[in-house]
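Student: Structure below; questions to follow.
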Amino acid sequence: MLDVSKVRSCFPILNQVLYKRPIVYFDNAATTQKPNVVINTTTEYYTKYNSNIHRGVYYLSEKMTEAYNSARLIVKKFINAKNVHEIIFTSGTTESINLVAFSFGEAFIKEGDEIVISLMEHHSNIVPWQMLCERKKAKLKVLPITFSGELDFSLLPVIITDKTKIVAITHVSNTMGTVNNIKEVIKYAHSLNIPVLIDGAQGIQHQNVNVQELDCDFYAFSGHKIYGPTGIGVLYGKEKWLEAMPPYKGGGDMIKTVTFEKTTYNELPFKFEAGTTNFIGAIGLGTALKFVEELGKENIFEYENQLSNYLLNKLLELDFVRIIGLPEKRTSIVSFLINNIHHFDVGMMLDKMDIAVRTGSHCTQPLLKFFGIDGTVRASLTFYNTFDEIDYFIESLKKIKELFS
Amino acid sequence: MKTTDEIQKEIVEEFEGFEDWIEKYNYLMELAKNLPPFDEKYRKKENLIEGCQSQVWLGAEYKDGKLYFYADSDALITKGIIALLLRIFSGQSPNDILQTEPWCIDKIGLKAHLTPTRSNGLVSMIKQIKMYALAYKTKYNL
């Protein structure tokens, strides 16, 4: 079992009083707070070992390179990748998806080909593919969803066809919290020999991710959403695809030899890591993943599940609340609206009550259009949140409802 | 006619009486509700200032050397701040509008609403008010 008060003591920001009480941080889908170990490791590496990786023959550089390499190994183990060189460090999920959209696109997409995404994608998993489609005169096809906020599997054979060259689907909806049955999507796409990219921005921190078991071809996620530093992320890709894809950016470290006539590219993963990477960010991410593993993924997910059910049931009791998306399987993200009160007003009020939530479209405008709305209030919880915080949140919503009536 | 500075001083005085943010926000909501109904002829695409979170409509009319503004928003707190901005800017001459900064918003503790990242459309609204003033100043050679 998770000792929540002990967990909370690892996150210094959670004790900070903003207006009147310690912050109730319910915006974890936007970014998560950082535990002391991550903050300290980052400081330690800047303080004691700062030097560039892969270049120096001296002590500091070797020490830094070693730490960077072990961070990659931690990521590999965390998602159970087959090979360590299948782990590419990027700046985050957005860059990971852009990398695939560009490089996979260069190698495999031709005029008339089709790319499949779903209606519930974050703009980061829409726009890179649109750009690719424009560049290659390919076509973007969208898998519809049901009103409960789940992928419409009955339409899978209609949308994914022999013209499809790649499928890009989110693991977990950043707006509704839906956990998609990605295994089923992958299985179906693979039956037609189509590779699948999973946007794991909201999946990696709340679900067990085993890329070999899932058999996904790409899995993208961000460090800052799993208690790591900002500006670091991961692209997992199967070796066979990564080998076949051209580099995405040119620069140092991604080359073997350079003459003005021809450049030979370096091996994986360096082929995709041009220039000086965010190596201290990567080390911080490694520390964050170790932190999660020490607490135990099972313990974390079980507690988050309890939180999620509690919050959902409390919200369902309020007759003035409309929940957007009621999928069968979900994480601790809930989007809702309060009758007659603009989501922006609700967010402003909650802020003054020391509650941080996200309001607006959550970068999923097509999804909101489907529900006929232009924004929601989104509460996204994680394992350092508590039942008491949920109670306070619900009381605050009741108070806001009163203030507006 | 009061100057924009005089109006802003009045606003600051009104807000001085409030003990906490609930009273402040309540007052803003009251101002929003008391704003005369928005003339629907102004609710058109050209007058829409899109924020990421809340939308603002802004129409303008020029009469006898003064500019009159009409505005609305789908979010109530935003609309309350709009009411304050209209009180300051509406009915002033283009020259006065161009020389006015809404400093009172900072004084009454609502500065956060006017930062560009807040995306509630208010920063764009002020910019648009000044654009109108500049346009009429140029048109009528004021």
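Those sequence lines, one after another, are chains A and B. My numbering puts the first residue of the first sequence at 1, with every later residue one more than the last. My numbering puts the first residue of the second sequence at 1001, with every later residue one more than the last. Built from N, CA and C at the ideal position, the CB exists for glycine as well. Because the structure is a prediction, the values reported are computed rather than measured.
For Glu298/A, count neighbouring C-beta atoms within 10 Å of its own C-beta (all shown protein chains included) and say buried if the count is 16 or more, exposed if not.
Tutor: exposed
Student: Quick one: any contact between the segment 346–359 of chain A and the segment 1013–1033 of chain B, if contact means 3 or more CB pairs under 8 Å?
Tutor: yes
Student: Go ahead and label Lys369/A buried or exposed: buried means 16 or more other beta carbons lie within 10 angstroms of its beta carbon, across all protein chains shown.
Tutor: The residue in question, Lys369/A, is exposed, as its Cβ has fewer than 16 Cβ neighbours within 10 Å.
Student: Apart from the five residues just before and just after Thr42/A, which ones in its own chain have a Cβ nearer than 7 Å to its Cβ?
Tutor: Pro229, Ile280 and Gly284
Student: Taking C-beta pairs closer than 7 Å, name the residues in chain A that Asp1074/B reaches, listed in chain order.
Tutor: His342
Student: As an exercise, report each continuous alpha helix (DSSP H) stretch of at least 4 residues that is fully enclosed by the segment 209–280 of chain A, in chain order.
Tutor: 211–214 and 239–244
Student: Return the CA-CA distance between Asp374/A and Gly1080/B, expressed in angstroms with no decimal places.
Tutor: 21 Å
Student: Is the Cβ of Tyr1025/B closer than 8 Å to any Cβ of chain A?
Tutor: yes
Student: Please list the terminal residues of the continuous beta strand (DSSP E) segment that includes Gly360/A.
Tutor: Arg358 to Gly360
Student: According to DSSP, is Leu201/A helix, strand or coil?
Tutor: Reading off the sequence, residue 201/A comes out as Ala, not Leu. Note: Ala201/A maps to coil in three-state DSSP.
Student: Hey, Gly223/A and Asp253/A: beta-carbon distance below 8 Å or not?
Tutor: no
Student: Considering only the alpha carbon of each residue, which of Phe221/A, Leu315/A and Val84/A lies closest to Ile232/A?
Tutor: Phe221/A
Student: If you drop the 5 nearest sequence neighbours on each side, which residues of the same chain put their C-beta closer than 6 Å to that of Met64/A?
Tutor: Tyr49, Ser51 and Ile53
Student: List, in order along the chain, the chain B residues whose C-beta lies closer than 8 Å to that of Lys352/A?
Tutor: Chain B residues near Lys352/A: Trp1021, Ile1022 and Tyr1025.
Student: Can you tell me the Cα-Cα spacing of Arg72/A and Thr146/A, whole angstroms?
Tutor: 38 Å
Student: If you reduce the DSSP assignment to three classes, tell me which class Trp129/A lands in.
Tutor: Of the three classes helix, strand and coil, the one that applies to Trp129/A here is helix, per DSSP.
Student: Straight-line CA distance for Thr164/A to Leu140/A?
Tutor: Taking the straight line joining both Cα atoms gives about 9 Å.
Student: If you run the structure through DSSP and keep just helix, strand and coil, what is Lys1009/B?
Tutor: helix
Student: Does the Cβ of Asp1039/B have 16 or more other Cβ atoms within 10 Å, making it buried, or fewer, making it exposed?
Tutor: exposed
Student: Just reading off the beta strand (DSSP E) that Ile338/A is part of, what are its end residues?
Tutor: Ile333 to Ile338
Student: Identify, in the order they occur along the chain, each residue of the same chain with its Cβ nearer than 7 Å to the Cβ of Leu315/A, setting aside the five sequence neighbours on each side.
Tutor: Val321, Ile323, Val334 and Phe336
Student: To which residues does DSSP link Tyr1025/B through a beta bridge?
Tutor: None; Tyr1025/B has no bridge partner.
Student: So with CB distances below 7 Å, who are the chain A contacts of Ile1077/B?
Tutor: Asp345 and Met348
Student: Helix, strand or coil for Glu389/A? Go by DSSP, reduced to three states.
Tutor: helix
Student: At what residues does the alpha helix (DSSP H) containing Asp1072/B begin and finish?
Tutor: Not the alpha helix (DSSP H): Asp1072/B falls in the beta strand (DSSP E), residues Lys1066 to Ser1073.
Student: Decide yes or no for the touch test of the segment 1121–1136 of chain B against the segment 1050–1067 of chain B: beta carbon pairs closer than 8 Å, at least 3 of them.
Tutor: yes
Student: Using 8 Å as the cut-off, can you tell me whether the segment 1005–1015 of chain B makes contact with the segment 1103–1117 of chain B, which would need three or more C-beta pairs spanning the two stretches below that distance?
Tutor: Touching, per the Cβ criterion.
Student: Would a check of beta-carbon distances place Thr43/A closer than 8 Å to chain B?
Tutor: no
Student: For the segment 86–116 of chain A, which segments carrying the beta strand (DSSP E) assignment without a break, of at least 3 residues, lie completely within its bounds, in sequence order?
Tutor: 87–90
Student: If you measure beta-carbon to beta-carbon, which residues of the segment 245–279 of chain A are closer than 8 Å to chain B?
Tutor: The residues in question: there are none.
Student: Taking the continuous beta strand (DSSP E) assigned at Leu140/A, which residues delimit it?
Tutor: Lys139 to Leu143
Student: Could you spell out the range, first to last residue, of the beta strand (DSSP E) harbouring Ser380/A?
Tutor: Thr376 to Ser380
Student: Taking the DSSP output, what are the residues bridged to Ile1077/B?
Tutor: In the DSSP output, where bridge partners are listed per residue, Ile1077/B has none listed.
Student: Name the two residues that bound the continuous alpha helix (DSSP H) containing Arg72/A.
Tutor: Note, Arg72/A: alpha helix (DSSP H), Tyr59 to Phe78.
Student: Tell me which residues share the same chain as Leu1076/B and place their Cβ nearer than 6 Å to its Cβ, disregarding the 5 neighbours each side in the sequence.
Tutor: Setting aside the 5 residues that flank it on each side, Leu1076/B is surrounded in the same chain by Met1029 and Ala1032, each with a C-beta closer than 6 Å to its C-beta; the list follows chain order.
Student: Assuming Tyr1132/B is part of the alpha helix (DSSP H), what are its boundary residues?
Tutor: Leu1122 to Lys1139
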